[in-house]
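Trainee:
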Amino acid sequence: MKSKVHLLVTILTCLFPIICLSFGKGYNYGATPLFLCAIFLLKETRIALSVPQVKLISLAFGGYFLVFVLAMLVHGESASYIDQTSRIVMALPVLLLLICYPPKLKWLMVSFMIGSIIAGCIALYQTQVQLMPRAFERFGPMGTTWWHKGYMPIQSGNIAMTLGIISLCFVLYFHKTKQTTWVIVGSLGALFGMLASFLSGSRGGWVLLPVALVYLVVSNTRFSLKTLTGAAVLLIFLIGCAASNNAVREHLRINEAINNISQYTNGDKNTSIGVRLELWKSAAIIIKQHPIFGLSKAQRIAEREQQVAAGIIELYTGAETYHAHNEYLEALSLRGLFGLVGLIAMLVTPIFIFMKNKNASHPELSAVNQAGIAASIMFIGYGLTQVFLGHNSGMIFYSFIMVTLLALSIRLKQNNSQLTGQL
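All residue numbers for the sequence shown refer to this note's numbering, where the first residue is 3 and numbers rise by one.
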């Protein structure tokens, strides 16, 4: 019976990265069956709550949710205010499930690669065949269809980038263990994931990519100096080619960004970046005035309208309702200091666990922890220009990816021989 449950858990876990970008609402359909399975087996898997690192991550994730509950009570928000954030609490039973029934690691590695390749293929099809201006738009040539509904260029582009960077971590594992076929598949996964992000035009997905890549280089210094030097030269060459290529600049909207900044300095703030800068300015003012608990969403809209009326900021009609386009400013302006502390604790605690569990002499454990740290770096970066966790797709993707990698890290650290034997 246990072997059948183990196989089922492995299949459900592997399905998540494969289908999360296969269609617009894929992240929902990938997470739901895994959550239901975790609830069904909760009586058996709750024993994992005794593990100190499980307690720590439960505290961080639960604390993040409780901050939203506190803000809801303080600001008189409706119950829907905490609905989206509840996904992070829903992921905790999955953490327990995956510790007790760890998915087959090689299967999971390959599933990330497949999911990343699928994302790249979809992005290519949408931009080159359907001639959509950006991959993962909500509207296709035929309008909104079941396939397009749920996509968002920035959110989906960031998800694709995460799949790509995780695939790259697993490429390093297959390279170390001399599994050439999977090195090729994984390399395609890494490239296609980044390609999908590129075709989505989500510039924020590239902000901390260099940091993640440098981390991976430093963490794999056991490669020969020749290999690392070659990789560095190739990376610099590719970045140089990309930066000078008009098509690349157009897709990443680099020229548009430069023009937006120029227009902003000349007084035209009605551009993509101009609006962001004005929203950041507005958030900074609100944070200064309400540092502890922030404001409710309705109060923030009213405050922005007053700022516009006073000439402090410039926003076109309707932009007053936008989020802050920065995860950290959003947390501070709506939930104050409590919000920022809760957000940082949630983002940093997994990194602490991955760092503590790292073991260079154990290739599988090393690969999982590197994937977790690299993904965490990327998630932190997304928050600099987007409220990634303010969308259902971002909250679900972050929660389920993190608990998957954390569960494997914890289980591998505890019982290496048991899980290694299942590869």
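Note that CB positions come from ideal geometry on N, CA and C, so glycine has one too.
Helix, strand or coil, according to DSSP, for G383 in the structure here?
Mentor: Three-state DSSP puts G383 in a helix.
Trainee: Between which two residues does the alpha helix (DSSP H) holding Q157 run?
Mentor: It spans 155 to 178 - the alpha helix (DSSP H) in which Q157 sits, taken as one unbroken run.
Trainee: Whole-angstrom Cβ separation of S113 and C16, contact assumed at under 8 Å?
Mentor: With a Cβ gap of about 4 Å, S113 and C16 count as contacting.
Trainee: Out of I287, H292, L297, M74, which one is the CA nearest neighbour of I314?
Mentor: Comparing Cα-Cα distances from I314 to each of I287, H292, L297, M74, the minimum goes to I287.
Trainee: With burial defined as no fewer than 16 other Cβ atoms inside 10 Å of the residue's Cβ, what is the status of S401: buried or exposed?
Mentor: Burial call: buried.
Trainee: Do you know whose CA, among V53, F194, L38, I379, lies nearest R413's CA?
Mentor: Nearest C-alpha to R413: V53.
Trainee: Looking at the ligand ADP, does it come within less than 8 Å of A73, judged from the CB to the closest heavy atom?
Mentor: The ligand ADP is not among the ligands present in this structure, which contains no ligands whatsoever.
Trainee: For L97 and V405, which I take to be in contact (beta-carbon distance under 8 Å), what is that distance rounded to the nearest angstrom?
Mentor: Indeed, because the Cβ distance is near 4 Å, the residues count as touching under 8 Å.
Trainee: If you drop the 5 nearest sequence neighbours on each side, which residues of the same chain put their C-beta closer than 6 Å to that of T12?
Mentor: For T12, where only same-chain residues beyond five positions count, the Cβ hits under 6 Å are P105, K106, W109.
Trainee: Measuring straight from C-alpha to C-alpha, what distance separates G296 and T387?
Mentor: Using only the alpha carbons, I get a separation of about 20 Å.
Trainee: Starting from L342, trace the alpha helix (DSSP H) in both directions and tell me its first and last residue.
Mentor: L342 -> alpha helix (DSSP H) spans 329 to 359.
Trainee: Just to confirm the assignment, what range does the alpha helix (DSSP H) spanning A300 have?
Mentor: Unbroken alpha helix (DSSP H) run through A300: 299 to 311.
Trainee: Does the count of Cβ pairs from the segment 62 to 77 and the segment 340 to 348 closer than 8 Å reach three?
Mentor: A contact exists between the segment 62 to 77 and the segment 340 to 348.
Trainee: How many Å lie between Y330 and V185 at the Cα?
Mentor: So the two alpha carbons sit approximately 37 Å from each other.
Trainee: Would you mind giving the Cβ-Cβ distance between A369 and F172, rounded to the nearest angstrom? I have them listed as a contact below 8 Å.
Mentor: Indeed they touch by this definition, with Cβ atoms about 6 Å apart.
Trainee: Assuming N160 and G191 make a contact with CB atoms under 8 Å, what is their CB distance in whole Å?
Mentor: Contact flag wrong, Cβ pair sits at about 16 Å.
Trainee: Any idea if P135 is buried or exposed, counting beta-carbon neighbours within 10 angstroms, 16 or more meaning buried?
Mentor: Flag for P135 reads exposed.
Trainee: Classify R205 as helix, strand or coil using the three-state DSSP reduction.
Mentor: Helix at R205.
Trainee: In whole angstroms, what separates the C-alpha of G142 from that of K151?
Mentor: Distance between the alpha carbons of G142 and K151: 9 Å.
Trainee: Which residue's Cα is closest to the Cα of W148: G78, I120, Y31, F37?
Mentor: Taking only the C-alpha atoms, the option nearest W148 is Y31.
Trainee: If we require 4 or more residues per run, which alpha helix (DSSP H) segments fall completely within the segment 8 to 70?
Mentor: List check, alpha helix (DSSP H) in window: 28 to 42, 44 to 47.
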